[in-house]
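Participant:
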Amino acid sequence: MVTEKGCGYVSSALGSNPSHLRELDLSYNNPGESGVKLLSEKLEDPKYRLDKLNVDHGGEFRIKAGLHKCMSTHTHTHTHTHTFSDVCCYKCCLFLCSDFCDLTLDPVTANRNLILSEDNRKVTYVEEYQAYPDHPERFERHPQVLSRESLSGRCYWEAEWSGQAEMSVAYKGISRKGKSRDCWLGFNNNSWCLSCINDTFCVWYNYYATDTHVPLSYLNRVAVYVDVSAGILSFFSVSDTHKLTHIHTFNNTFTEPLYAGFGLLAYAFISTVSLCQSENPVGNNIDVTCTRE
């Protein structure tokens with residue numbers, strides 16, 4: 332819950348990135364008169380792009396578990412845990428209920444070693460070659476699939492995996508045919524990838540790997556946040572105790588339509604990825620494990 336003290340941190344965060352946040356929803360929190368006054372001043376200051384502040388139903392209400400309001404830093408190394416009201420205010424971003432994207436998988440992009448199920452919200456790797464029709468957007472050689480929906484504005488989603496999987500964001504123009512690295516998520520400058528394979532998460536971009544030193548979560552669940560206009564792509568690990576642990580953030584100027592991408596490794600025994608729906612993501616505002624440079 333955001334209190335008067337928490338409003339001070341939010342105000343500082345806005346000061347460090349005055350041009351990014353357009354709307355701030357603090358409804359069902361307890362900002363107090365001084366907190367409301369502090370943030371309202373940002374509405375009137377032309378330096379800030381904030382144009383909407385919602386503080387309806389202020390008071391000591393506890394927000395139930397689920398996807399509600401989270402804040403996290405964008406950098407990494409030493410790990411600290413904060414409640415939302417004590418959030419650190421370096422290079423921070425907000426993601427709200429309205430940012431959640433109910434994604435589905437696009438059958439025409441699915442490689443022929445992948446089977447989609449559960450209303451195109453789950454993908455499973457199989458050895459048997461599927462008789463899918465030819466399509467220019469289908470991944471020919473690599474077991475990958477993209478989302479049907481494009482990513483715009485601010486987007487947040489969660490996905491669970493089994494076996495060995497990769498979570499990615501990719502330009503629509505990523506190559507689909509042949510074996511070259513231009514077709515592989517994270518191995519080119521058209522995609523950014525989180526590899527969920529070994530004991531720790533690894534991120535890939537343009538054929539360059541970075542070990543994040545963040546251990547894979549017991550829940551095998553990750554969250555992804557994209558702010559297209561701000562050029563931010565962040566990955567988080569989600570725990571069964573409702574904590575988001577920041578894994579890595581890419582900062583980039585996005586120049587083409589973006590889509591969520593998922594890859595499954597052929598040599599894993601049972602590899603699946605399932606997209607979480609809006610009613611059952613576990614990331615919430617109780618604890619966020621932030622990281623700092």
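Heads up: the sequence shown begins at 332 in the working numbering, then just goes up one per residue. Where a beta carbon is used, it is the ideal one built from N, C-alpha and C, also for glycine. Since we're looking at a predicted model, the values are computed, not measured.
#1: Fully enclosed by the segment 426-472, which beta strand (DSSP E) runs are 3 residues long or longer?
#2: According to DSSP, which residues form a beta bridge with His577?
#3: If I follow the unbroken beta strand (DSSP E) through Ser605, where does it start and stop?
#4: What is the DSSP secondary structure of Ser343, reduced to helix, strand or coil?
#5: Tell me Lys383's beta-bridge partners as DSSP assigns them.
#6: In the DSSP assignment, what residue or residues form a beta bridge with Trp492?
#7: Suppose the cutoff is 8 Å on Cβ atoms and the five residues either side in sequence are ignored; what does the same chain contact list for Asp382 look like?
#8: To which residues does DSSP link Leu370 through a beta bridge?
#9: Since I believe Glu480 is in contact with Asn551 (beta carbons under 8 Å), could you give me their beta-carbon distance rounded to a whole number of angstroms?
#10: Output needed for Gly390: all residues of its chain with C-beta closer than 6 Å, excluding positions within five of it in sequence on either side, in chain order.
#11: Could you have a look at Arg552 and say whether DSSP puts it in helix, strand or coil?
#12: Does Ile601 pass the burial test, meaning 16 or more other C-beta atoms within 10 Å, or should it be called exposed?
#13: Counting only the same chain and skipping the five closest in sequence on each side, list residues whose C-beta sits under 6 Å from that of Leu477.
#14: Take the Cβ of Leu606 as the centre, count every other Cβ of all protein chains shown within 10 Å, and call the residue buried at 16 or more, exposed below.
#15: Excluding the 5 residues preceding and the 5 following Trp549 in the sequence, name in chain order all residues of the same chain whose CB lies nearer than 8 Å to its CB.
#16: Grab me the residues of Gly562's own chain with a C-beta within less than 7 Å of its C-beta, minus the 5 sequence neighbours each way, in chain order.
#17: Do Ser342 and Leu369 count as a contact pair if the criterion is CB distance below 8 Å?
#18: Going by C-alpha to C-alpha distance, which of Cys432, Asp433, Tyr460 and Glu468 sits closest to Ser506?
#19: Are the beta-carbon atoms of Glu497 and Cys524 separated by less than 8 Å?
#20: So, with DSSP's three-state summary, where would you put Gly363?
#21: Quick one: is Gly337 buried, meaning 16 or more other Cβ sit within 10 Å of its Cβ, or exposed?
#22: Need the endpoints of the beta strand (DSSP E) that Phe532 sits in, please.
#23: The beta strand (DSSP E) spanning Ser526 covers which residue range?
#24: Pop quiz: Tyr463 and Arg443 are said to be a contact at Cβ under 8 Å. What is the actual Cβ separation, rounded to whole angstroms?
#25: Between which residues of its own chain and Asn521 is the CB-CB distance below 7 Å, once the five residues before and five after are set aside?
#26: Reducing DSSP to helix, strand and coil, say where Gly594 ends up.
Facilitator: The structure says:
#1: 445-448 and 453-456
#2: Your numbering for residue 577 matches position 246 in the sequence shown. His577 pairs with Phe567.
#3: Residue mapping note: residue 605 aligns to position 274 of the sequence shown, counting from 1. First-last of the beta strand (DSSP E) with Ser605: Thr603 to Leu606.
#4: As a position in the sequence shown, residue 343 is number 12, starting the count at 1. Helix.
#5: Here the question's residue 383 lines up with position 52 in the sequence shown. BP columns for Lys383 point to Glu354.
#6: Locating residue 492 in the sequence shown gives position 161, where the first residue counts as 1. Answer by DSSP bridge pairing, in chain order: Val604.
#7: The residue labelled residue 382 in the question sits at position 51 within the sequence shown. Around Asp382: Arg353, Glu354 and Leu374.
#8: Here the question's residue 370 lines up with position 39 in the sequence shown. Bridge partners of Leu370: none, in fact.
#9: Numbered from 1 along the sequence shown, position 220 holds the residue referred to as residue 551. Numbered from 1 along the sequence shown, position 149 holds the residue referred to as residue 480. With 8 Å as the limit, Asn551 and Glu480 do not qualify as a contact, their Cβ atoms being about 23 Å apart.
#10: Working through the sequence shown from its first residue, we reach residue 390 at position 59. Residue placement at Gly390 is poorly supported in this model, since its pLDDT is 39, which falls under 50; the coordinates are not used for a value here.
#11: Working through the sequence shown from its first residue, we reach residue 552 at position 221. Of the three classes helix, strand and coil, the one that applies to Arg552 here is strand, per DSSP.
#12: Here residue 601 refers to the residue found at position 270 when the sequence shown is read from its first residue. Answer is exposed; the Cβ neighbour count stays below 16.
#13: Here residue 477 corresponds to residue number 146 of the sequence shown, with the count starting at 1. Answer for Leu477: Asp437, Thr440, Tyr590 and Gly592, listed in chain order.
#14: One-based indexing of the sequence shown puts residue 606 at position 275. Classification of Leu606: buried, given that the 10 Å Cβ count is 16 or more.
#15: Here the question's residue 549 lines up with position 218 in the sequence shown. This sequence places Tyr at residue 549; Trp is not what is there. Cβ within range, chain order: Ser570 and Asp571.
#16: As a working note, residue 562 is residue 231 in the sequence shown. For Gly562, where only same-chain residues beyond five positions count, the Cβ hits under 7 Å are Asn582, Asn583, Thr584 and Phe585.
#17: In the sequence shown, residue 369 corresponds to position 38, counting from 1. In the sequence shown, residue 342 corresponds to position 11, counting from 1. Taking 8 Å as the Cβ cut-off, Leu369 and Ser342 qualify as a contacting pair.
#18: Here residue 506 refers to the residue found at position 175 when the sequence shown is read from its first residue. Comparing Cα-Cα distances from Ser506 to each of Cys432, Asp433, Tyr460 and Glu468, the minimum goes to Glu468.
#19: The count along the sequence shown starts at 1 and reaches residue 497 at position 166. The count along the sequence shown starts at 1 and reaches residue 524 at position 193. In this structure, Cys524 lies closer than 8 Å to Glu497 by Cβ.
#20: Translated into the one-based positions of the sequence shown, residue 363 becomes position 32. Gly363 falls in the helix class under three-state DSSP.
#21: As a first step, residue 337 must be located in the sequence shown, where it is residue number 6. Looking at its Cβ environment, which holds 16 or more other Cβ atoms inside 10 Å, Gly337 is buried.
#22: To locate residue 532, count along the sequence shown from 1; it is residue 201. Looking at the DSSP string, the run of the beta strand (DSSP E) that includes Phe532 is Thr531 to Tyr536.
#23: As a position in the sequence shown, residue 526 is number 195, starting the count at 1. From DSSP, the beta strand (DSSP E) with Ser526 extends over Ser522 to Cys527.
#24: To locate residue 463, count along the sequence shown from 1; it is residue 132. To locate residue 443, count along the sequence shown from 1; it is residue 112. Contact flag correct, Cβ pair sits at about 5 Å.
#25: Residue mapping note: residue 521 aligns to position 190 of the sequence shown, counting from 1. Once the five neighbours on either side are set aside, the close Cβ partners of Asn521 are Ala501, Tyr502, Gly504 and Ile505.
#26: If you number the sequence shown from 1, residue 594 lands on position 263. Of the three classes helix, strand and coil, the one that applies to Gly594 here is strand, per DSSP.
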